[in-house]
Amino acid sequence: MDHLTVRSWQERDGHEGVRDAWLASREALVGRDWSQVAGTCGLCGSSRGFVLTESMDPRQPDIREGLLCRECRHNSRIRSSLRLLLDQLESLDHPPAVYLTEQVTGTFIWLQRHLRGTLLGSEFEPSFLKRMALTRRFHQAGGKGTVEYQDVTKLNFADASLDAIASFEVFEHVPDYRTAVSEFARVLKPGGTCVATFPFTDGPDTITRALVDEEGEVRHLLEPEYHGDPISGGVLCFYHFGWDVLDVFRSAGFSDVRMVMPCGLEHGLFYGLWTLVATR
């Protein structure tokens with residue numbers, strides 16, 4: 164699986180590799196028959212190809228979220244970002260300790276089965292009784308263990324205790340995401356990695372859609388936007404991030420911060436799968 168690596172808006176602007184990847188994807192998308200998407204999954208290795216989710220309109224498909232591997236059933240965003248995470252762990256000489264900012268999901272359950280190391284996960288649910296109900300649902304889906312509670316702005320992990328953190332579509336729902344970034348830096352070991360996806364504008368500046376004021380009330384700056392969530396059904400989106408988010412990670416203590424775009428039409432990966440990879 165090929166990928167592009169870019170470390171700033173200035174580097175991205177006019178980047179020939181980014182331009183070429185966009186042109187290749189655009190050409191491949193014209194008139195495509197979405198009922199027959201051949202290729203090999205870069206995550207599970209299956210050569211069965213890919214399929215759109217049943218609810219997806221083939222005339223206007225969201226191939227980031229709706230193009231699934233026929234075998235592991237992960238969409239393009241998860242397939243590409245999990246591959247990046249696993250690649251970051253390959254060089255370690257010990258079984259890794261990895262924290263995923265989700266737990267009652269197919270992604271976490273897949274990692275439970277395939278990660279050779281310690282996998283930790285959580286849901287933002289402080290109620291013990293509700294977590295027990297989530298645990299039953301988790302077990303029914305094939306997961307193991309008890310659903311844990313974590314607030315990503317107040318993690319209970321020790322300093323420098325984790326080898327990697329993966330956060331997929333979470334930061335945009337955290338009003339004080341800068342504190343969460345600092346927490347990630349605190350609990351990662353030197354050389355540890357954070358892999359994250361979020362709504363990304365591919366422009367220089369982050370768009371703040373809503374904020375929490377001094378009285379603790381949510382104030383909407385733009386039309387409210389809610390994202391589907393397997394736990395609550397819908398969560399308010401506070402941000403669409405731009406390239407300036409890389410500087411937030413650098414200020415928190417990450418030494419190498421970049422946006423990586425995995426690409427490869429033979430792996431069902433089309434243009435736009437930007438993923439943040441930050442090394443502590």
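Those letters in the sequence shown? Residues 164 to 443, per this note's numbering, in order.
Built from N, CA and C at the ideal position, the CB exists for glycine as well.
Does DSSP put residue i in a helix, a strand or coil?
i, result
"G355", "strand"
"F320", "coil"
"T281", "strand"
"V337", "coil"
"L274", "helix"
"L409", "helix"
Determine the closest residue to residue i out of the options, with distance taken between C-alpha atoms.
i, options, result
"Q223", "V193, Y389 and V411", "V193"
"T316", "D339, E335 and A304", "D339"
"G355", "D419, V169 and L206", "D419"
"G269", "W172, L231 and R189", "L231"
"R382", "T371, G280 and P289", "T371"
"Y312", "S244, T298 and G306", "T298"
"C204", "R236, Y402 and V358", "R236"
"L384", "D392, I328 and F401", "F401"
"T168", "C426, R443, H430 and G431", "C426"
"H430", "G202, R195, W437 and G405", "G202"
"Q251", "Y389, C357 and D176", "C357"
"W444", "R211, A373, D225 and T360", "Because the chain here runs from 164 to 443, residue 444 falls outside it and cannot be looked at."
"S244", "G280, E234, P259 and C207", "C207"
"E253", "D326, F320 and V310", "D326"
"E388", "E377, A373 and E378", "A373"
"D196", "M295, P221 and W172", "P221"
So residue i is in the alpha helix (DSSP H); what residue range does that whole segment cover?
i, result
"F433", "Here F433 belongs to no alpha helix (DSSP H), and DSSP marks it neither H nor E."
"S218", "S218 -> no alpha helix (DSSP H), and no H or E assigned at all."
"L292", "F291 to Q303"
"L249", "S239 to L252"
"L186", "E179 to L192"
"Q173", "W172 to R175"
Excluding sequence positions up to five away, which residues of its chain have a Cβ less than 7 Å from the Cβ of residue i?
i, result
"G435", "R227"
"L318", "E346 and V350"
"V344", "V411, F412 and A415"
"V375", "P338 and V381"
"W437", "F363, D365, M422 and M424"
"I241", "T270 and F331"
Excluding five sequence neighbours on each side, which residues of the same chain lie with their C-beta closer than 6 Å to the C-beta of residue i?
i, result
"H336", "V398"
"W185", "Y434"
"L409", "V420"
"F291", "none"
"V333", "T264"
Please report the residue range of the beta strand (DSSP E) in which residue i lies.
i, result
"H383", "V381 to H383"
"T168", "D165 to V169"
"L206", "Unbroken run through L206: none, as it is neither H nor E."
"V375", "A373 to V375"
"L428", "No beta strand (DSSP E) contains L428, which DSSP labels as neither H nor E."
"L230", "L230 to C232"
On the DSSP bridge assignment, give the partners of residue i in chain order.
i, result
"A329", "L263 and V358"
"T442", "T356 and D419"
"Y312", "E286"
"Y389", "L399"
"F363", "F404"
"I226", "None, per the DSSP bridge assignment."
"V200", "F213"
Under 8 Å Cβ to Cβ from residue i, same chain only, skipping five residues before and after it: list those, please.
i, result
"A191", "L428 and F433"
"H178", "L167 and V169"
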